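Quick note on my numbering: the sequence shown kicks off at 91 and runs consecutively.
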Amino acid sequence: MVGHGSILAFDETTDMRSLAQHLLRFGAHESCGKCFPCRIGLQRAYELFSDDEPVDRVALEELLETLELGSLCAHGSGMPAPIRSLLLHFPDELGLR
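Shown next, in the form of structure tokens:
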């Protein structure tokens, strides 16, 4: 589940890196901007996925932890959950280093 209360369905043809980009772009767009972890962290996490370079997993994990622990509301602290799920179930498809 994501911040807008929707459930996203996908099949085996879904590009998981694009899905991560979509989720993070949505999260960054919907951030109210009140707290730094959410306002800056979601944008930075999106940027990690936005080019064709491998994603720095350590940097991503640090951003997700900062979001979970430092965000003021459920939007910021909840956005890492679907990304962590992708990291757990589809690590090879995310282009990590």
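Built from N, CA and C at the ideal position, the CB exists for glycine as well.
Note that the structure is a prediction, hence the values are computed from the model and not measured.
Measuring CB to CB, does G134 end up less than 8 Å from L153?
Residue numbering aside, residue 134 sits at position 44 when the sequence shown is read from its first letter. Residue numbering aside, residue 153 sits at position 63 when the sequence shown is read from its first letter. According to the sequence displayed, residue 134 carries Arg and not Gly. The criterion of a C-beta distance shorter than 8 Å is satisfied by R134 and L153.
Using the C-alpha atoms, what's the distance from S108 back to R147?
Numbered from its first residue, the sequence shown carries residue 147 at position 57. Numbered from its first residue, the sequence shown carries residue 108 at position 18. Between the alpha carbons of R147 and S108 lies a distance of about 16 Å.
Please report how far the alpha carbon of D142 lies from the alpha carbon of D105, in whole angstroms.
Reading the sequence shown from its first residue, position 52 is the one you call residue 142. Reading the sequence shown from its first residue, position 15 is the one you call residue 105. Each residue's Cα considered, the two are about 13 Å apart.
Three-state class that DSSP yields for L154 in the structure shown
One-based indexing of the sequence shown puts residue 154 at position 64. Helix, per DSSP.
Counted within 10 angstroms of its Cβ, other Cβ atoms place H165 as buried (16 or more) or exposed:
Working through the sequence shown from its first residue, we reach residue 165 at position 75. With 16 or more Cβ atoms within 10 Å of its Cβ, H165 is classed as buried.
Specify the secondary structure class of L186 as computed by DSSP and reduced to three states.
As a working note, residue 186 is residue 96 in the sequence shown. Three-state result, L186: strand.
Short Cβ contact (8 Å threshold) for P170 with E183:
Taking the sequence shown and counting its residues from 1, the one referred to as residue 170 is at position 80. Taking the sequence shown and counting its residues from 1, the one referred to as residue 183 is at position 93. Contact: no.
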